[in-house]
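J.:
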Amino acid sequence: MSRTAVLEQLARRVPLIGPSMLKCDFGNLHREIELLESAGVPLLHLDIMDGHFVPNLSYGPMVIRRLREMTDLPFDAHLMISEPERYLDEYLDAGCDCITFHIEAVPDAGPLLRRIRDADAVAGLALNPKTPVQQIEPLIADCDLMLVMSVEPGFGGQKFIPASIEKISRLKQSLGQNQFLSIDGGIGPATIADAAEAGANLFVAGSSIFDTADYGHAIRQLTELAASRMVSSSLPS
Ligand code: DX5
Ligand code: ZN
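Here the sequence shown stands for residues -9 to 227, numbered as in the working numbering.
1. I need the straight-line Cα distance from residue 170 to residue 77, nearest angstrom please.
2. Give me the Cα-Cα distance between residue 56 and residue 111, rounded to the nearest whole angstrom.
3. Please work out which residues of its chain come closer than 6 Å, Cβ to Cβ, to residue 84, disregarding the five sequence neighbours upstream and downstream, and give them in chain order.
4. State yes or no: is the C-beta of residue 196 nearer than 6 Å to some heavy atom of the ligand DX5?
5. Where does residue 244 fall in DSSP's three states?
6. Is residue 176 near the ligand DX5, going by C-beta to nearest heavy atom under 6 Å?
7. Since residue 11 and residue 37 should fall inside the 8 Å C-beta cutoff, what is the C-beta to C-beta distance between them, to a whole number of angstroms?
8. Have a look at residue 176 and residue 153 and give me their C-alpha separation to the nearest angstrom.
9. By the three-class DSSP mapping on this structure, what secondary structure does residue 174 have?
10. Using the C-alpha atoms, what's the distance from residue 155 back to residue 140?
11. Near residue 215, what residues of its chain come up, given a Cβ to Cβ distance below 8 Å and the 5 sequence neighbours on each side ignored?
12. Count the other CB atoms within 10 Å of the CB of residue 232; is the residue buried (16 or more) or exposed (fewer)?
13. Quick one: any contact between the segment 84 to 93 and the segment 17 to 26, if contact means 3 or more CB pairs under 8 Å?
14. In the DSSP assignment, the beta strand (DSSP E) including residue 139 goes from what residue to what residue?
15. Which residue comes first and which comes last in the beta strand (DSSP E) that contains residue 39?
Structure representation (structure tokens):
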């Protein structure tokens, strides 16, 4: 799918719940995707970790290529890796539609954001809890998606960091048309509404979906809570 088509498709589905494919059952990916598709998710959030940028390892392009054969859902790849510029093409070739890398992982994020867009993919930039929001402000025009980490990246199931809400509120003020503001880490029924009210429109959720017996119920509940408090100007179109 082209970048524009992905952006339009996602904009129609706001508030977006992105299941984090870190907490899923890796022994049965086919089944997990079937369950998520039946639950009506708008995208899959793929957490990629290299054991260097973050102290954990997950999976890479080979696994994503197999996932791509199983579903047409947009893939939102969250690269928690060092030297993302070195591996970008492999993730694009594997079928990722959105590529988000960390501002802390590169000396200058601008050229890589533009490379992602030039490849007709959705360009995303993430920032860690300790990174001030001011660092990404000069780059907002080059981003289709901004991802605020509300836990230290590396592991699912951590406690939400409340200071992330202020970051979302501040970024929301500069959010242009067709831009997504994502929050990732510790998102569940107790935290999603505040994030929505602050201006997030894409909510990554791991434990609050995969630790439940009924993904459909969990996703519906999260979507409803987000929609109930989302400000209308968070609609990215
Ligand atoms: C953390 C990842 C998240 C994480 C979310 O480094 O980026 O996507 O898996 O999991 P929960 O929702 O359990 O915090
Ligand atoms: Zn993530």
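Ideal Cβ positions, reconstructed from N, Cα and C, are used throughout, including at glycine.
T.: Checking against the coordinates, here is how it stands:
1. 23 Å
2. 19 Å
3. 51, 54, 55
4. yes
5. Not covered by the structure: residue 244. The range shown for the chain is -9 to 227.
6. yes
7. 6 Å
8. Distance from the CA atom of residue 176 to the CA atom of residue 153, rounded to whole angstroms, is 13 Å.
9. Residue state, collapsed to three classes: strand.
10. Here the alpha carbons of residue 155 and residue 140 stand approximately 8 Å from one another.
11. 179, 182, 183, 186
12. As shown, the chain starts at -9 and ends at 227. That puts residue 232 outside it, with no answer to give.
13. no
14. 135 to 139
15. 34 to 39
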